[in-house]
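Working notes, beginning with the structure itself.
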Amino acid sequence: MPELPEVETYGRYFARHALKRRIERVDVRDERILGETRKDAFVRRLRGRTFTRVRRHGKHLFIDAEGVWLHLHFGMTGDLAFYRDVRKEPRFARVVFDFDDGSHLAFEDMRLFGVVDLIDDPDAFIAAHRLGRDPLDSKFGADDFRELVRKRRGAIKAQLMSQALVAGLGNLYVDETLYETGINPKRSVEKLKDAEVRAVFETMRKIVRKPDRRLPREQGERCPKCGGTIKRAVVAGRTTYFCAQHQK
DNA sequence: TTCCATGTTCCGCA
DNA sequence: TTGCGGAACATGGA
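With my numbering, the residue at position 95 of the first sequence is 121, and numbering never jumps.
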């Protein structure tokens with residue numbers, strides 16, 4: 027279930043469990059998770075190394091492995107599992123790292139939309155993939171956000187989903203952000219007042235910091251904020267829930 | 001059996 | 001040029 031807040035949690039989990047242990051063995055259970063990276067190169071470059079620090083940008087995790095960076099993207103169903111007892115290995119483990127102290131870290135991903143590969147430089151990766159600012163970046167402010175939004179057109183939902191504008195929001199937290207801000211997901215950004223753009227920014231920040239889920243994802247439910255009716259629609263190609271009464 | 005799914009990317013069209 | 005719909009990727013759950 028990975029959007030930015032979950033990936034942040036995975037990053038902390040990785041850091042808590044898998045740093046400073048020597049990688050004794052790298053087992054690629056399903057090569058499709060590696061994308062373009064070749065399996066033998068992946069194994070060869072990581073074996074014997076140690077993960078030393080974790081970085082996150084949007085939904086991407088980068089782990090420094092002494093000269094090369096492990097890059098993780100969790101797709102729709104990616105997750106991490108750290109364990110000592112091999113019977114705890116997840117059913118859909120795609121890559122497993124065995125550490126020299128007998129512990130294991132698995133990247134699991136049922137649907138295989140995730141990616142596990144190696145890159146040389148996270149900043150170059152972020153630039154090459156046109157990833158926008160990270161909402162948790164303390165140097166990213168409401169004025170910066172407004173300037174970015176003013177260069178865009180189209181539905182506010184589509185804009186917030188775009189990883190090139192802001193990196194890290196997905197379908198759920200975009201819906202939550204607009205629900206809390208009281209803005210209809212179909213509203214085009216040209217029609218948003220500066221104060222509304224600012225409010226979207228502040229709400230987005232609050233939600234990725236403390237990811238509350240308040241919007242019911244079911245058509246016809248009562249809105250917990252105003253008692254209105256929750257509607258289901260397709261916006262920006264994704265299933266969207268919103269309150270027909272207070273989101274204008 | 002059919003539909004749906006918290007992501008990304010690519011193609012074609014407007 | 002930008003945005004969007006639709007498809008594709010792969011798989012399980014309701």
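Built from N, CA and C at the ideal position, the CB exists for glycine as well.
- Runs of the beta strand (DSSP E) spanning 3 or more residues and lying entirely within the region 32-62 occur at 49-54, in chain order.
- The region 233-252 makes no contact with the region 179-192: fewer than 3 CB pairs, one atom from each, lie closer than 8 angstroms.
- Within the DSSP bridge table, the entry for F108 names L131 as partners.
- In the structure shown, I209 falls within a coil segment according to DSSP collapsed to helix, strand and coil.
- Distance from the CA atom of G254 to the CA atom of R120, rounded to whole angstroms, is 44 angstroms.
- Bridge partners of A259 according to DSSP: T266.
- Counting the other CB atoms within 10 Å of its CB gives F40 a total of 16 or more, which places it among the buried residues.
- Looking only at K232, D124 and V223, the smallest Cα-Cα distance to K177 is reached by V223.
- The C-beta of T265 has fewer than 16 other C-beta atoms within 10 Å across all chains shown, which makes the residue exposed.
- If the five residues before and after E247 are omitted, its C-beta is found closer than 7 angstroms to the C-beta atoms of I256, all from its own chain and listed in chain order.
- Apart from the 5 residues on each side of it in sequence, D135 sits with its Cβ closer than 8 angstroms to the Cβ of I59, F100, G101, T103, G104, D105, F118 and R120 in its chain, given in chain order.
- In the DSSP assignment, the residues bridged to S214 are A181.
- For V215, the closest alpha carbon among the candidates E173, D143 and C249 is that of E173.
- Short of 7 angstroms from the beta carbon of E50, and not among the five residues preceding or following it, lie these beta carbons of its own chain, in chain order: D124, F125 and D126.
- Here the region 193-208 makes contact with the region 230-239; the two share three or more CB pairs at distances below 8 angstroms.
- Counting along the chain, the unbroken beta strand (DSSP E) around D90 starts and ends at H86 to D90.
- With distances taken between CA atoms, I182 lies nearest to V200 out of D169, F166, A168 and V200.
- When secondary structure is reduced to three states using DSSP, F77 falls in the coil class, being assigned neither helix nor strand.
- Between V94 and R71 the beta-carbon gap is near 5 angstroms, inside 8 angstroms, which marks them as a contact.
- Contact annotation: A225 and L131 have beta-carbon atoms that are not nearer than 8 angstroms.
- Distance from the Cα of V141 is smallest, within the candidate group R110, E57 and V69, for E57.
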